[in-house]
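Input: a single structure, listed below in structure tokens.
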Amino acid sequence: MKAMKSILGGLCLCAVVSSCAPSAQKTETAVAETPAKSDVVIENILTRRSIRQYKPQAVNRDTMQIILNCGINAPNGQNKQSWEVRVVDNPEFINGLTEIYKKANPKASEDPSFKNMFRNAPTVAFIARDTKYDMSQIDCGLLGGNMVLSAWSMGVGSCCLGGPVRFMLTTPEAAPYLEKLDFSDGYELLYCIAFGYPDETPAAKPRKADKVRFID
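According to mature numbering (1 follows the signal peptide of the UniProt record, and there is no 0), the sequence shown holds residues -26 to -1, 1 to 190 in order.
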């Protein structure tokens, strides 16, 4: 009889342990996944580099659509989403505008590695701000941050550019290309982002940690 009780007791103990095992495993898995996910995000941020040399193939539009979706999900003031984005991967547009740039800047043609005015990138996103909203530039910056980070996570390099935009806004010959972007009334081109598959592996540049501090 005692032997039977011992057997039954052992079976009950096994049943309790078995029933708890999945829950314990789920808890351990959940705890383990949390830092892993955050590590991936942090690593992506800290390893991202501005790319200035690209392979010739354009970023496919499915990938660019993901990048754009990440961009428009950026935080923004009052959910105004005060941006407009135009993506250009048409070589005729990029090369045509570059020809105008080269005429105005002959030295660019002397560089054998120079292919276009967007750091030789095959895909360019043009970002415009809402001139009626004084915080729009901040919104547009946050949009771009999401775009370059999501791109990097998929092996796509990028570089934020202001020079080409300044040229487009101040050069009459470039006006037709600006018009082709077809931004809505009240929106003004602010900056652009070059996208492409990296053809370089730049080292990290030092950051000035003393520019950031806590205030007690």
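Idealized CB from N, CA, C, for every residue including glycine.
Assigned secondary structure, V15 (DSSP; H/G/I helix, E/B strand, else coil): Position 41 of the sequence shown holds residue 15. If DSSP states are grouped into helix, strand and coil, V15 belongs with the helices.
Exposure label - G170; buried when at least 16 CB within 10 Å: As a position in the sequence shown, residue 170 is number 196, starting the count at 1. It is buried - the Cβ of G170 has at least 16 other Cβ atoms within 10 Å.
D104, DSSP secondary structure in three states: Counted from its first residue, the sequence shown places residue 104 at position 130. Three-state DSSP puts D104 in a strand.
Sequence-distant residues of the same chain with beta carbon closer than 7 angstroms to K29, five excluded per side: The sequence position of residue 29 within the sequence shown is 55, counting from 1. Result list for K29: G170, Y171, D173, in chain order.
Nearest candidate by alpha-carbon position, reference Y165, set I16, I19, V98, A125: Numbered from its first residue, the sequence shown carries residue 165 at position 191. Considering only alpha carbons, the answer is V98.
Proximal residues to M128 (C-beta, below 8 angstroms), its chain only, five neighbours per side dropped: By one-based count along the sequence shown, residue 128 stands at place 154. So the qualifying residues of the chain are T37, I40, I41.
Beta-carbon proximity of G118 to I25, cut-off 7 angstroms: Here residue 118 corresponds to residue number 144 of the sequence shown, with the count starting at 1. Here residue 25 corresponds to residue number 51 of the sequence shown, with the count starting at 1. No, the Cβ-Cβ distance between G118 and I25 is not below 7 angstroms.
Environment of P138 [buried if 16+ CB atoms lie within 10 Å]: Here the question's residue 138 lines up with position 164 in the sequence shown. With 16 or more Cβ atoms within 10 Å of its Cβ, P138 is classed as buried.
Rounded separation between R103 and Y75 - CA only: Walking along the sequence shown from the start, residue 103 turns up at place 129. Walking along the sequence shown from the start, residue 75 turns up at place 101. Going by the C-alpha atoms only, they are around 24 angstroms apart.
Simplified DSSP assignment, three categories, for E58: Counting from 1 along the sequence shown, the entry for residue 58 is found at position 84. Strand, per DSSP.
Contact under 7 angstroms by Cβ, G51 with N120: Numbered from its first residue, the sequence shown carries residue 51 at position 77. Numbered from its first residue, the sequence shown carries residue 120 at position 146. Contact flag unset, no.
Range covered by the alpha helix (DSSP H) that runs through Y28: What you label residue 28 is simply residue 54 of the sequence shown in a count that begins at 1. Taken as a continuous stretch (DSSP letters only), Y28 belongs to no alpha helix (DSSP H), as it is neither H nor E.
Simplified DSSP assignment, three categories, for E162: As a working mapping, residue 162 is identified with position 188 in the sequence shown. Here E162 carries a strand assignment [DSSP, helix/strand/coil].
Cβ pair I112, N90 closer than 7 angstroms: Stepping through the sequence shown from its first residue, residue 112 is reached at position 138. Stepping through the sequence shown from its first residue, residue 90 is reached at position 116. No, these two residues do not count as a Cβ contact at 7 angstroms.
Member of R187, E58, L20 whose CA lies at the smallest distance from the CA of residue 232: Because residue 232 is not part of the residues shown, which for the chain are -26 to 190, the question remains open.
7 angstroms Cβ cutoff met for A168 and A95: As a working mapping, residue 168 is identified with position 194 in the sequence shown. As a working mapping, residue 95 is identified with position 121 in the sequence shown. Yes, these two residues count as a Cβ contact at 7 angstroms.
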